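Participant: Pasting in a structure now, in structure tokens, and then I'll have a few things to ask.
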Amino acid sequence: MSRLIEILLEEHRNIEKLLRVLEQELDVFDRTESPDYEILQAVVEYLQDYPESYHHPKEDIVFEKLKLRDPSAVARIGDVEAEHQLETKRLRRFAQAINDILAGREYPRQSFHNVVRDFIDHQRQHMHKEEQLLYPAAIKGLRAEDWAEIDARLNNKKDPLFDGIAEKKFAVLRQEVLRWERETQASR
Ligand SMILES: [Fe+2]
Numbered sequence: 003m004s005r006l007i008e009i010l011l012e013e014h015r016n017i018e019k020l021l022r023v024l025e026q027e028l029d030v031f032d033r034t035e036s037p038d039y040e041i042l043q044a045v046v047e048y049l050q051d052y053p054e055s056y057h058h059p060k061e062d063i064v065f066e067k068l069k070l071r072d073p074s075a076v077a078r079i080g081d082v083e084a085e086h087q088l089e090t091k092r093l094r095r096f097a098q099a100i101n102d103i104l105a106g107r108e109y110p111r112q113s114f115h116n117v118v119r120d121f122i123d124h125q126r127q128h129m130h131k132e133e134q135l136l137y138p139a140a141i142k143g144l145r146a147e148d149w150a151e152i153d154a155r156l157n158n159k160k161d162p163l164f165d166g167i168a169e170k171k172f173a174v175l176r177q178e179v180l181r182w183e184r185e186t187q188a189s190r
């Protein structure tokens, strides 16, 4: 398998870990109405930053190549870039809901539940679709020269998408959020 696809799958697993944090906090919200909003905020900020800047652009590289190599597969998959934009919107709505609550503004209970649930579910569906449709189509449809070109970017330490700096920073952030959630859960 292409190294880029392996990286993308690993990134999905990391996003899934954070979705589980959201889900646990949503569960607390549903039971007690007092989740840790700062943990929710930290996850939202991570997701606004990392996938937007480092994950989606990698998928867009694959998607652009696939448009040239297998337009019918692209037609079946639909518009990945547009879906990414929709995810961004959902995340913005989620961030706004947390800001409202932290600022003491009234936010209907059911609406907050729906905003969080909606984000988690769509994010999962979106990743599932990419794993079921986009990645296999790319593995099948991209040519050796496409992968060679992608690998050249992967190996270029000056390419900000692959220089490893962001990766290290976000790995630390992710570990911090996951530890914070474990400790918060343990103290409840
Ligand atoms: Fe993805």
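Just so we're aligned, residue 3 is where the sequence shown starts under my numbering, counting upward by one. Ideal Cβ positions, reconstructed from N, Cα and C, are used throughout, including at glycine. Just so we're clear, the structure is a prediction, and the values are computed from it rather than from any experiment.
Using the rule of at least 16 other Cβ atoms within 10 Å of the residue's Cβ for burial, across every protein chain shown, is L1 buried or exposed?
Facilitator: The displayed coordinates of the chain run from 3 to 190. Any statement about residue 1 would go beyond what the structure contains.
Participant: Which residues in the same chain as V179 place their Cβ atom closer than 8 Å to its Cβ, once the five residues preceding and following it in sequence are excluded?
Facilitator: Closer than 8 Å at Cβ, skipping near neighbours: L20, V23, I41, A44, V45, Y48.
Participant: Identify whether F31 lies in helix, strand or coil by the three-state DSSP scheme.
Facilitator: It is helical.
Participant: From which residue to which residue does the alpha helix (DSSP H) around D62 run?
Facilitator: Run containing D62: 58–71, per the alpha helix (DSSP H) assignment.
Participant: Does DSSP put L144 in a helix, in a strand, or in coil?
Facilitator: Note: L144 maps to coil in three-state DSSP.
Participant: Assuming Y56 and L163 form a contact by the criterion Cβ under 8 Å, report the distance between their Cβ atoms to the nearest whole angstrom.
Facilitator: Yes, they are in contact, since the Cβ atoms of Y56 and L163 sit about 6 Å apart, within 8 Å.
Participant: If I follow the unbroken alpha helix (DSSP H) through L88, where does it start and stop?
Facilitator: Run containing L88: 82–104, per the alpha helix (DSSP H) assignment.
Participant: Keeping to the same chain, check which residues put their C-beta closer than 7 Å to that of A99; ignore five residues upstream and five downstream.
Facilitator: Within the same chain, A99 has close Cβ partners Y109, F114, V117.
Participant: Exposed or buried, V174, counting other C-beta atoms within 10 Å across all chains shown (16 or more means buried)?
Facilitator: Its Cβ having fewer than 16 others within 10 Å, V174 is exposed.
Participant: Would the segment 25–33 and the segment 128–140 be scored as touching if the rule is three or more Cβ pairs under 8 Å?
Facilitator: No, the segment 25–33 is not in contact with the segment 128–140.
Participant: Have a look at L144, D153, F121 and flag the residue whose alpha-carbon is nearest the alpha-carbon of L70.
Facilitator: Measuring from the Cα of L70, the nearest candidate turns out to be L144.
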